[in-house]
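Visitor: Take this structure first; my questions come after.
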Amino acid sequence: MTERDLFKGLPEFLAVARTKNFRKAAQGLGVSSVAVGATVRQLEERLASKLFHRTTRRVELTSAGLLLLERLGPLAEGLEETLKDLQDRRAELGGTLRICVQALALETVLDPALELFAARHPGVAVHAEIREGRPDLLAEGFDMGIRLGEYIQSDMLAARIPQPVNWRVVATRAYLERHGRPEVPKDVMAHHCIRRHLPGQEQPYRWEFAINSRIIELEPPGKMTVAAFSTAMRLVGAGLGLGYLTESMCRELATVADIQEVLTGYMPPPNYLYTYFSPANRENRRVRAFVECIRALDSVPSP
Numbered sequence: 036m037t038e039r040d041l042f043k044g045l046p047e048f049l050a051v052a053r054t055k056n057f058r059k060a061a062q063g064l065g066v067s068s069v070a071v072g073a074t075v076r077q078l079e080e081r082l083a084s085k086l087f088h089r090t091t092r093r094v095e096l097t098s099a100g101l102l103l104l105e106r107l108g109p110l111a112e113g114l115e116e117t118l119k120d121l122q123d124r125r126a127e128l129g130g131t132l133r134i135c136v137q138a139l140a141l142e143t144v145l146d147p148a149l150e151l152f153a154a155r156h157p158g159v160a161v162h163a164e165i166r167e168g169r170p171d172l173l174a175e176g177f178d179m180g181i182r183l184g185e186y187i188q189s190d191m192l193a194a195r196i197p198q199p200v201n202w203r204v205v206a207t208r209a210y211l212e213r214h215g216r217p218e219v220p221k222d223v224m225a226h227h228c229i230r231r232h233l234p235g236q237e238q239p240y241r242w243e244f245a246i247n248s249r250i251i252e253l254e255p256p257g258k259m260t261v262a263a264f265s266t267a268m269r270l271v272g273a274g275l276g277l278g279y280l281t282e283s284m285c286r287e288l289a290t291v292a293d294i295q296e297v298l299t300g301y302m303p304p305p306n307y308l309y310t311y312f313s314p315a316n317r318e319n320r321r322v323r324a325f326v327e328c329i330r331a332l333d334s335v336p337s338p
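Residues are numbered in this note's numbering as their position in the sequence shown, beginning at 1, plus a constant of 35.
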């Protein structure tokens, strides 16, 4: 028996043995049932053994067929697994993925997504930078970004991340005992506030409040103006003023400082973070793979 003849008819035999049906086996192989039947008969003639009992109602393996399936089945499964591994290796992603994110997306979205992405695609290098405002992805060489929808250019392709971004105004108990609790939004104008100034912005970040279903913005007063949320959290935790932080930041801060929420009835509706990229990167496999990792993070807490 030549090497070429050695494997002839075995795929057809396995297909029929697994489905117990010549027509279904033919459909799976993409050929006609007549062709499958002829090939199996040729295999039986070559082996001088009948492999199937055929009736108009059913197809059953003979003792010779059972023996062949018992020996051949594991070998075929191992071969299929090897071929799949080779295909996966060939399809493995490489190169570098450049991402720009807003700071509030770091711990709740970027960090867990990076961990999953590294496990799924170890051949890809990731370069992530914190950028506030509205960076130009293409001009600055980024493949994609993660930020609040209001900071995304209209010509970008964007997909919302389901977890909401809920804002809170907080201060330490000691600060509130010294300076009193603000009861309505305008009261913050008489307080020390920890302000944030975003790079590229002319004015400090304005605090948003909801009054009678209307959103108002206030520029909070204060001597402390910082860029990083982490710095703002430390200053609030030190009792130096009111802070405008996300829900998850407040949870983290509450583990090290005795903080309280104020103005709970005036907070705006939640914001949402988005993944976004240029239409030019629609078919970028690294971008698509990273977006899939973010979608897979069902347990991501709200920022």
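Beta carbons are placed, not taken as given, at the ideal position from N, Cα and C, and that holds for glycine. These figures come from a predicted structure and were not determined experimentally.
1. In angstroms, rounded to a whole number, what distance separates the CA positions of L128 and L192?
2. Specify whether the segment 313-323 and the segment 285-303 touch according to this definition: at least 3 beta carbon pairs, one from each stretch, less than 8 Å apart.
3. Taking the alpha helix (DSSP H) that Y210 belongs to, which residues open and close that run?
4. Within the segment 178-211, note down every full beta strand (DSSP E) run reaching 3 residues or more, in order along the chain.
5. DSSP beta-bridge partners for L31?
6. What did DSSP end up calling V271 once you bin it into helix, strand or coil?
7. Could you pull out every residue in the same chain whose Cβ sits closer than 8 Å to the Cβ of R93, ignoring the five residues on either side in sequence?
8. Helix or strand or just coil, what does DSSP make of F57?
9. DSSP puts H88 in a beta bridge; with which residues?
10. Just checking my contact of I187 with V144 at CB under 8 Å: how many whole Å lie between their CB atoms?
11. I believe L332 touches L183 by the beta-carbon criterion, under 8 Å. Please report the beta-carbon distance rounded to the nearest angstrom.
12. Does the distance from the C-beta atom of H227 to that of Y240 stay below 8 Å?
13. Helix, strand or coil, according to DSSP, for A317 in the structure here?
14. Provide the residue(s) that pair with V161 in DSSP beta bridges, ordered along the chain.
15. Classify F244 as buried or exposed, calling it buried when 16 or more other Cβ atoms lie within 10 Å of its own Cβ.
16. Report all residues from its chain with a CB closer than 7 Å to the CB of P197; omit the five preceding and five following residues, and keep chain order.
17. With distances taken between CB atoms, is the gap from W242 to V223 smaller than 8 Å?
18. How far does the alpha helix (DSSP H) with Q137 in it extend, from its first residue to its last?
19. Return the chain-ordered list of same chain residues with a C-beta closer than 8 Å to the C-beta of R320, the five sequence neighbours on each side being excluded.
20. Look at the alpha carbon of F325 and the alpha carbon of A160, and state the distance between them as a whole number of angstroms.
21. State the Cα-Cα distance for the pair A194 and T90, rounded to the nearest angstrom.
22. Could you check what DSSP says for F264 in three-state terms: helix, strand or coil?
23. Mark A61 as exposed unless 16 or more other C-beta atoms lie within 10 angstroms of its C-beta, in which case mark it buried.
24. Return helix, strand or coil for Q295, following the three-state DSSP convention.
25. Say whether the segment 147-166 touches the segment 276-294, bearing in mind that this needs 3 or more beta-carbon pairs closer than 8 Å, one atom from each stretch.
26. According to DSSP, is R230 helix, strand or coil?
27. Expressed to the nearest angstrom, what Euclidean distance is found between the alpha-carbon atoms of E212 and L151?
28. Could you tell me the distance, in whole angstroms, from the CA atom of H214 to the CA atom of A174?
29. What is the rounded straight-line gap between the Cα of R166 and the Cα of S283?
30. Please name the residue in I229, A111 and R106 whose C-alpha comes closest to that of G274.
31. Where V205 and A225 are concerned, what is the direct C-alpha to C-alpha distance, given to the nearest angstrom?
32. Where does L332 sit, in a helix, a strand or coil, going by DSSP?
33. With distances taken Cα to Cα, identify the nearest neighbour of P234 among A138, P255, M268 and F177.
Guide: Put simply:
1. One-based indexing of the sequence shown puts residue 128 at position 93. One-based indexing of the sequence shown puts residue 192 at position 157. Taking the straight line from one Cα to the other gives about 22 Å.
2. Short answer: they don't touch.
3. As a working mapping, residue 210 is identified with position 175 in the sequence shown. Annotation for Y210: the continuous alpha helix (DSSP H) segment containing it runs R208 to H214.
4. Within the segment 178-211, the beta strand (DSSP E) runs of at least 3 residues that lie entirely inside it are, in chain order, 179-183, 192-200 and 202-207.
5. Absent from the structure is residue 31, since the part of the chain shown begins at 36 and ends at 338.
6. On the sequence shown, position 236 is the one that residue 271 refers to. Helix at V271.
7. For the purposes of this step, residue 93 is taken as residue 58 along the sequence shown, with counting starting at 1. Closer than 8 Å at the Cβ level, and outside the excluded window around R93, lie K55.
8. Walking along the sequence shown from the start, residue 57 turns up at place 22. Of the three classes helix, strand and coil, the one that applies to F57 here is helix, per DSSP.
9. Start at 1 with the first residue of the sequence shown, and residue 88 comes out as number 53. By DSSP's assignment, H88 forms a beta bridge with E95.
10. Locating residue 187 in the sequence shown gives position 152, where the first residue counts as 1. Locating residue 144 in the sequence shown gives position 109, where the first residue counts as 1. Under the criterion of beta carbons closer than 8 Å, I187 and V144 do not qualify as touching, at roughly 15 Å.
11. Position 297 of the sequence shown, counted from the start, is the residue given in the question as residue 332. Position 148 of the sequence shown, counted from the start, is the residue given in the question as residue 183. Your pair L332 and L183 does not check out as a contact, with CB atoms roughly 18 Å apart and the cut at 8 Å.
12. On the sequence shown, residue 227 is found 192 positions in, with the first residue counted as 1. On the sequence shown, residue 240 is found 205 positions in, with the first residue counted as 1. No, the Cβ-Cβ distance between H227 and Y240 is not below 8 Å.
13. Sequence index remark: in the sequence shown, residue 317 carries index 282 (1-based). Here the sequence assigns Arg to residue 317, which means Ala is not the residue at that position. Of the three classes helix, strand and coil, the one that applies to R317 here is coil, per DSSP.
14. If you number the sequence shown from 1, residue 161 lands on position 126. L132, per the DSSP bridge assignment.
15. If you number the sequence shown from 1, residue 244 lands on position 209. So F244 ends up on the buried side.
16. The residue given as residue 197 occupies position 162 in the sequence shown. Closer than 7 Å at Cβ, skipping near neighbours: no residue.
17. In the sequence shown, the residue the question calls residue 242 occupies position 207. In the sequence shown, the residue the question calls residue 223 occupies position 188. Yes, these two residues count as a Cβ contact at 8 Å.
18. Residue 137 sits at position 102 when you count from the first residue of the sequence shown. For Q137, there is no enclosing alpha helix (DSSP H), as DSSP marks it with neither H nor E.
19. Position 285 of the sequence shown, counted from the first residue, corresponds to residue 320. Only L128 meet the Cβ criterion.
20. What you label residue 325 is simply residue 290 of the sequence shown in a count that begins at 1. What you label residue 160 is simply residue 125 of the sequence shown in a count that begins at 1. Cα to Cα, F325 sits roughly 12 Å from A160.
21. For this step, residue 194 is matched to residue 159 along the sequence shown. For this step, residue 90 is matched to residue 55 along the sequence shown. Each residue's alpha carbon lies about 56 Å from the other.
22. Position 229 of the sequence shown holds residue 264. The answer is helix: DSSP assigns F264 an H, G or I state.
23. Counting from 1 along the sequence shown, the entry for residue 61 is found at position 26. Within 10 angstroms of the beta-carbon of A61 lie 16 or more other beta-carbons, which makes it buried.
24. Residue 295 sits at position 260 when you count from the first residue of the sequence shown. Collapsing the DSSP output to three states places Q295 in a strand.
25. Output reads no: the segment 276-294 does not touch the segment 147-166.
26. Here the question's residue 230 lines up with position 195 in the sequence shown. In the structure shown, R230 sits in a strand (DSSP, three-state: E or B).
27. Along the sequence shown, read from residue 1 onward, the residue named residue 212 stands at position 177. Along the sequence shown, read from residue 1 onward, the residue named residue 151 stands at position 116. When only Cα atoms are considered, E212 and L151 end up about 44 Å apart.
28. Taking the sequence shown and counting its residues from 1, one reaches residue 214 at position 179. Taking the sequence shown and counting its residues from 1, one reaches residue 174 at position 139. Just so you know, the alpha carbons of H214 and A174 end up roughly 47 Å apart.
29. In the sequence shown, residue 166 corresponds to position 131, counting from 1. In the sequence shown, residue 283 corresponds to position 248, counting from 1. C-alpha separation (whole angstroms): 20 Å.
30. Against the sequence shown, residue 274 aligns to sequence position 239. Taking only the C-alpha atoms, the option nearest G274 is I229.
31. In the sequence shown, the residue the question calls residue 205 occupies position 170. In the sequence shown, the residue the question calls residue 225 occupies position 190. About 15 Å.
32. Start at 1 with the first residue of the sequence shown, and residue 332 comes out as number 297. Three-state result, L332: coil.
33. Locating residue 234 in the sequence shown gives position 199, counting from the first residue. Checking every option, the nearest Cα to that of P234 belongs to A138.
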